[in-house]
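In what follows, a structure is listed as structure tokens, so that the remarks can point back to it.
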Amino acid sequence: MWGLFLMSVIVFGSINLDLVATVTHRPQPGETLLASSFHSTPGGKGANQALAARRMGAEVVMLGSVGHDNFAEPALALLKQAGVDLTYVEQRSDSSTGLAFIHIDEQGENSITVVSGVNYQVGTHNLEMLEKILTANDILIMQLEIPLAIVEQAIAIAHRKGTTILIDPAPGNSNLPASLLAVDILVPNRGEAAMILGRPLESIEEAQEAASELHQRGVKLSVVKLGSEGVVWAHEDDTGYQPAFKVQAVDSTGAGDAFAGALAALLDQARNQGLQVSIAEAMRKASIFAALSTTRPGAQQSYPSLAEVAAFEKKSQQ
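Under this note's numbering, the first residue of the sequence shown carries the number 1, and numbering increases by one thereafter.
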């Protein structure tokens, strides 16, 4: 059983606006494509995970930065609408709001180019805000779309506070510092785990071995996301595999973020309700949330409600 004592989900990370083009296939070097459609939607791994946790019922605080530009308001729109606490999101004039340019092919797979903008200007002031609000009863979620040095300092603050730490090591980094493995929960995808360990992970069995090795290196609960194949994990003497739920996928953008945020929320809710939740149960429900997110276009706008998750879960058990 997973017995963490969690009260609030605090997300310190990136806030973007996604600019999305639908194409027949993702462009090759030197190739020009005509898109069949275009739309913009709020994004950024930090903001995505914050909304996912909120949609799953957690109380969520977002820390990060946006620019003084026309992208800031739409980038925050769905977080604001969902009731995420934006008190600690600062607006800065030294760079633009983060942007992501996304190509989505006919199979729903995507390629993404990120313009970090003001996300890479977060610094000491943001850390001071984090130290002010963080407690031992919180779970802190971070990714690598803000400066790595800031992530390391935030981890140190969280350790001093006794806060539970969840790291999504994306974008991938082959030289991940040891501090990012000395955390409670690590949720890389297959490619990111391969970069950390320095070897390809072609099969589910190899991914399971990778999760176990990451656990042995210091991660309390290591989870490797395998996209349409599901997730594997390792925790103490327990390892497991949750196959992906079968859905009609149209867009996988933000699905990994959906999983991470939902997982954090499920652990948070277990404490708030005075219950414990098994890792297998948390993985199953977070996987349902992520699967449903692929059935609609976009990242944040595709995230399901609690009612949709419950209905899908009930149907899958029949």
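Glycine included, each C-beta is placed from N, C-alpha and C at the ideal position.
Predicted, not measured: the structure shown is a model, and the values here were computed from it.
Secondary structure note for S293: its alpha helix (DSSP H) is the uninterrupted segment I279 to S293.
Following the DSSP letters along the chain, one finds R217 in no alpha helix (DSSP H), marked with neither H nor E. Per the DSSP secondary-structure output, P42 pairs in a beta bridge with L17.
With respect to the C-alpha of T239, the residue from R190, D257, A280 and A249 having the closest C-alpha is A280.
Sequence-distant Cβ neighbours of E213 in its own chain, meaning closer than 7 Å and more than five residues away, are L197. Within the model, the alpha-carbon separation for A193 versus L226 is close to 10 Å.
Rounded to whole angstroms, the gap between the alpha carbons of A35 and S302 is 20 Å. A contact is defined here as three or more CB-CB pairs under 8 Å, and the segment 9 to 19 meets this definition with respect to the segment 94 to 103. Listed in chain order, the alpha helix (DSSP H) runs fully inside the segment 171 to 231 are 190 to 197 and 204 to 216, counting runs of at least 4 residues.
The secondary-structure analysis by DSSP pairs D138 across a beta bridge with S8. Annotation for H103: the continuous beta strand (DSSP E) segment containing it runs G98 to I104. Distance from G261 to A82 at the Cβ level is roughly 11 Å; contact not present, criterion being Cβ atoms closer than 8 Å. Non-local C-beta neighbours of G218 in its own chain, meaning closer than 7 Å and more than five positions away in sequence, comprise L181 and A182, ordered along the chain.
Sixteen is the threshold: since fewer than 16 other Cβ atoms of the shown chains lie within 10 Å of the Cβ of L306, the residue is exposed. Each residue's CA atom was taken as its position, placing L33 and D105 some 11 Å apart. Taking a cut-off of 8 Å on C-beta distances, the segment 57 to 74 does not touch the segment 220 to 234, as fewer than three cross pairs fall below it. For the set S179, S111 and N119, the Cα lying nearest the Cα of Q28 is the one of S111.
If you compare the alpha carbons of E131, H103 and V247 with that of H25, the shortest gap goes to H103.
Between L267 and V277 a beta carbon distance of about 7 Å is seen, short of the 8 Å cut, so the two are scored as contacting. Residues H39 and I102 of the same chain have their beta carbon placed closer than 6 Å to that of V20, with the five preceding and five following residues left out of the count.
Look at M62 here: in three-state DSSP terms it is strand. Listed in chain order, the non-local C-beta contacts of G172 below 7 Å within the same chain comprise G191, E192 and M195, local neighbours out to five positions each way being set aside. In the DSSP assignment, E90 falls within the unbroken beta strand (DSSP E) covering D85 to R92. The three-state reading of DSSP puts I146 in coil, since its state is none of H, G, I, E or B. DSSP, read as helix, strand or coil, puts V151 in helix.
In terms of Cα proximity to K314, the closest of I204, D168, A178 and F245 is F245. Y241 carries a strand assignment under DSSP once its states are collapsed to helix, strand and coil. Take the alpha-carbon of V84 and the one of L130: they are about 16 Å apart. Partner residues in a beta bridge of H125, as assigned by DSSP, do not exist. Taking C-beta atoms under 8 Å as the contact rule, D168 and V151 fail to qualify, at a distance of about 11 Å.
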